[in-house]
Amino acid sequence: MSEKKKTNIILFSGDYDKAMAAYIIANGAAAYDHDVTIFHTFWGLNALRKDEAVSVKKGFIEKMFAKLMPRGANQMGLSKMNFAGFGPKMIKSIMKKHNAMPLPQLIELAQEQGVKLVACTMTMDLLGLKKEELLDGIEYAGVAAYLADAEEGQVNLFI
Amino acid sequence: MSEKKKTNIILFSGDYDKAMAAYIIANGAAAYDHDVTIFHTFWGLNALRKDEAVSVKKGFIEKMFAKLMPRGANQMGLSKMNFAGFGPKMIKSIMKKHNAMPLPQLIELAQEQGVKLVACTMTMDLLGLKKEELLDGIEYAGVAAYLADAEEGQVNLFI
Amino acid sequence: MSEKKKTNIILFSGDYDKAMAAYIIANGAAAYDHDVTIFHTFWGLNALRKDEAVSVKKGFIEKMFAKLMPRGANQMGLSKMNFAGFGPKMIKSIMKKHNAMPLPQLIELAQEQGVKLVACTMTMDLLGLKKEELLDGIEYAGVAAYLADAEEGQVNLFI
């Protein structure tokens, strides 16, 4: 009796294109019958933000971070050729033409396929993000939980 | 009877220095007798572009991307201290002094050593890159092929 | 009798936040009883620089690099929202509030926990960094040594 293979991705980056890569690999691995986890830390947490404003109590610096960081997957910029937001528009228009899934749908698909989406609690604290601001149905954990998954993983990536 | 170990690198980045790191690790692993694959996706595809212009039919946005992205390994910028192209010149001049191989030669060496160079077909579509524009002797595949390699790999990296 | 698990991190990035992620994972893995190595290459070498100036003989370009690159972990910028150095100040102030360890202390802790810190000799040459400029108690090696570790590793990451 063979165990399922495991894919564990740390999504550190807050770039639209890198998050897309992470979710495409994750969805592929889930379709391939792997147990898949995406551990969102630092700027990668922005992919999990709800796109509407959520009223929570924050300190001054936390408010600034919340304001300056993209609210949700659809607001993220590109790692290259962002051109003040024009780059993501170009990419999204091409993706539409090619029937490629935009990032918010890739995230939905991942949730449907049972990909475990984890938010790193330590960096949530640092960036001042509250659970109410993040998508429903995700898990909360720290580096120990990541390592427990990763040491059993066949495919471990830092994106 | 032991099987060969496997190294699988996803080259997502279009930076000269990161591509150099990818190819140095790949060439090292090949010398170490690993089966090595570099899966080029998104901006990493630019490392595989021929340096001369190739006439292919493209739509408007695809033409813009083709124009704005570096044509081949030698045109790529640095991830840090690029200084509008002065950084790569400095690095290349130092590399020459130290007899370190520049990126185009590292890619040639990889091909000679049998490193499998793969271009991600999905992102070729998105960026409007055609097979005629990419180096000869490479392979074309998608995320499923990557995962089939990666789940057997000892060293999996995302660069 | 079971062998220790191994975590091998390549720290390529010279960003404060990415280096923090690398050292948090490394310290977590060491606490988890893994053998842990951080292989510092390219801009990641800056995390190992002593923060005082060290007088060594250098050529012109090497002097420029030495001047332009951050001298030690505390001087590194953020990969996102650096805002000309204001971003790191914000992050450090929040980290203090949350009693999170700043990067120099994370590096000290790693050394205390026996994490093997390696400086890549090839890129030291390229960037003109000398052993006298780097922290005491670290090791010096090349890509072959990295691969020897990585092919035995459970968790291999490129950061």
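So the sequences go chain by chain: A, B and C.
For what it's worth, my numbering labels the leading residue of the first sequence as 1, then goes sequentially.
For what it's worth, my numbering labels the leading residue of the second sequence as 1001, then goes sequentially.
For what it's worth, my numbering labels the leading residue of the third sequence as 2001, then goes sequentially.
Using N, Cα and C, we set each Cβ at its ideal position, and we do this for glycine too.
None of these values were measured; they are calculated from a predicted model.
Of the candidates C:2051, C:2003, C:2040, the residue whose Cα lies closest to the Cα of residue 2117 (chain C) is C:2040.
One thing to note: residue 42 (chain A) has its Cβ within 8 Å of the Cβ of residue 123 (chain A). The alpha carbon of residue 16 (chain A) has as its nearest neighbour, out of A:8, A:60, A:105, the alpha carbon of A:105.
Residue-level contact by beta carbon fails for residue 2051 (chain C) and chain B, as no gap is shorter than 8 Å. Chain order gives the chain A residues near residue 1014 (chain B) as 80, where near means a beta carbon separation below 8 Å. Note that the C-beta distance between residue 1079 (chain B) and residue 1005 (chain B) is not below 8 Å. Put simply, of C:2107, C:2069, C:2081, C:2157 the residue whose alpha carbon is nearest the alpha carbon of residue 2137 (chain C) is C:2107. Flagged as an interface residue toward chain A: residue 1042 (chain B), by a C-beta distance shorter than 8 Å.
Residue 158 (chain A) has A:10 as its beta-bridge partners, per DSSP. For residue 151 (chain A), at least one C-beta of chain C is nearer than 8 Å to its own C-beta. With contacts defined as CB atoms closer than 8 Å, residue 2011 (chain C) and residue 2135 (chain C) fail to qualify as a contacting pair.
Contact annotation: the region 16 to 35 of chain A touches the region 71 to 87 of chain A, with at least three C-beta pairs closer than 8 Å.
A distance of 8 Å or more separates the beta carbons of residue 2038 (chain C) and residue 2053 (chain C). Residue contact with chain A for residue 1125 (chain B): present (Cβ-Cβ distance below 8 Å to some residue of chain A). For residue 156 (chain A), the C-beta contacts it makes with chain C under 7 Å involve 2155, 2156, 2157, in order along the chain. Under the Cβ distance rule, residue 147 (chain A) counts among the residues neighbouring chain C, one pair being separated by less than 8 Å. Within the region 2045 to 2090 of chain C, the complete alpha helix (DSSP H) segments of 4 residues or longer fall at 2060 to 2068, listed in chain order. When secondary structure is reduced to three states using DSSP, residue 121 (chain A) falls in the helix class. Beyond the five residues adjoining it in sequence on each side, residue 1036 (chain B) comes within less than 6 Å, by CB distance, of 1007, 1026, 1029, 1030, 1115 in the same chain, given in chain order. For residue 1084 (chain B), the nearest beta carbon of chain C is not closer than 8 Å to its own beta carbon. For the 8 Å CB-CB criterion, residue 1021 (chain B) and residue 1159 (chain B) form a contact. Under DSSP, residue 39 (chain A) forms a beta bridge with A:10, A:118. Those residues of the region 1011 to 1040 of chain B placed with their C-beta closer than 9 Å to a C-beta in chain C are 1017, 1018, 1020, 1021, 1022, 1024, 1025, 1027, 1028, 1029, 1031, 1032, 1034, ordered along the chain.
The C-beta of residue 1090 (chain B) comes closer than 8 Å to at least one C-beta of chain C.
Around the Cβ of residue 1133 (chain B), a 10 Å sphere holds 16 or more other Cβ atoms; the residue is buried. Residue-level contact by beta carbon fails for residue 2107 (chain C) and chain A, as no gap is shorter than 8 Å.
Counting other Cβ atoms within 10 Å of its Cβ, residue 140 (chain A) stays below 16 and is therefore classed as exposed.
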